[in-house]
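Novice:
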Amino acid sequence: AVYSSVCPFIHYRFIDPNRELVLSQQYNIQRYRDNVVAVESGESQEMVINMASEEQVTNALIRALSADRRKVLFLEGHQERAIDDGGNGGFMLAAQAVSDQNYLIETLNVLEAGGVPADCRALVIAGPRKPLLPEEVRLIDDYLENNGRVLVALDPEYDAGLDEWLLGWGIRVDRSMVV
Numbered sequence: 087a088v089y090s091s092v093c094p095f096i097h098y099r100f101i102d103p104n105r106e107l108v109l110s111q112q113y114n115i116q117r118y119r120d121n122v123v124a125v126e127s128g129e130s131q132e133m134v135i136n137m138a139s140e141e142q143v144t145n146a147l148i149r150a151l152s153a154d155r156r157k158v159l160f161l162e163g164h165q166e167r168a169i170d171d172g173g174n175g176g177f178m179l180a181a182q183a184v185s186d187q188n189y190l191i192e193t194l195n196v197l198e199a200g201g202v203p204a205d206c207r208a209l210v211i212a213g214p215r216k217p218l219l220p221e222e223v224r225l226i227d228d229y230l231e232n233n234g235r236v237l238v239a240l241d242p243e244y245d246a247g248l249d250e251w252l253l254g255w256g257i258r259v260d261r262s263m264v265v
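Have a look at this one:
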């Protein structure tokens, strides 16, 4: 109700899937107990199943209304934190939060790709445990010099060999730990 009071282009209605069988089939609603929200804009459709928060609806609206999905790439090849690891050391929750904002999440081996692709909105270097090669750093520099964006998260227990490179960009690495 809040969305439609703010924007006259947003319409909503509640349906009973047992009474509206055609809509239930159209949206593939198979269980009555699920709290399902369907967001449509033109040809674009986003579904939120087991909706627990307003944030999920907002994210579905963002995805449905966005014409294109921008890419956020996570560097790989140096034992970085994995975007498919949901454990304490993984970046699954971070990657999911970025994906919820309508970003396409992928991994990137910068050497194999020959650089950071031009359509990359941001490159994430997530806790590398092995040093990057000088050629990799040069390719990332090329990306940054062309208005690229990089998020660097270093693990104080490992030397990724990025201190001097980051200092060149005006960032001094401190081995302090955030808990």
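Per this note's numbering, the very first residue in the sequence shown carries number 87; after that it's consecutive.
Glycine residues also receive a C-beta, built at the ideal position from the N, C-alpha and C atoms.
Pairs of beta-carbons, one from the region 245-256 and one from the region 189-206, closer than 8 Å: are there three or more?
Specialist: The region 245-256 is not in contact with the region 189-206.
Novice: Taking buried to mean at least 16 other C-beta atoms within 10 Å of its own C-beta, is F160 buried or exposed?
Specialist: Position 74 of the sequence shown, counted from the first residue, corresponds to residue 160. The residue is buried, with at least 16 neighbouring Cβ atoms inside 10 Å.
Novice: Rounded to whole angstroms, what is the Cα-Cα separation between K216 and F100?
Specialist: Indexing the sequence shown from 1 puts residue 216 at position 130. Indexing the sequence shown from 1 puts residue 100 at position 14. K216 and F100: Cα-Cα distance of roughly 53 Å.
Novice: Consult DSSP for S127 and reduce its assignment to one of helix, strand or coil.
Specialist: For the purposes of this step, residue 127 is taken as residue 41 along the sequence shown, with counting starting at 1. Here S127 sits in strand by DSSP.
Novice: Kindly indicate the opening and closing residues of the alpha helix (DSSP H) around V236.
Specialist: In the sequence shown, residue 236 corresponds to position 150, counting from 1. It is not in any alpha helix (DSSP H) - V236 instead sits in the beta strand (DSSP E) that spans 236-239.
Novice: Pull up the CB-CB distance for E183 and I169, whole angstroms please, since I reckon it's below 8 Å.
Specialist: Taking the first residue of the sequence shown as position 1, residue 183 is located at position 97. Taking the first residue of the sequence shown as position 1, residue 169 is located at position 83. As written in the sequence, residue 183 is Ala, which differs from the Glu given in the question. Actually they do not touch by this definition, with Cβ atoms about 11 Å apart.
Novice: For G173, count the other beta carbons within 10 Å of its own beta carbon; 16 or more makes it buried, fewer makes it exposed. Which is it?
Specialist: Position 87 of the sequence shown holds residue 173. Classification for G173: exposed.
Novice: Closest to M263 by C-alpha separation, out of N233, E222, G213, L237, would be which residue?
Specialist: On the sequence shown, position 177 is the one that residue 263 refers to. M263 has its Cα closest to that of G213, out of N233, E222, G213, L237.
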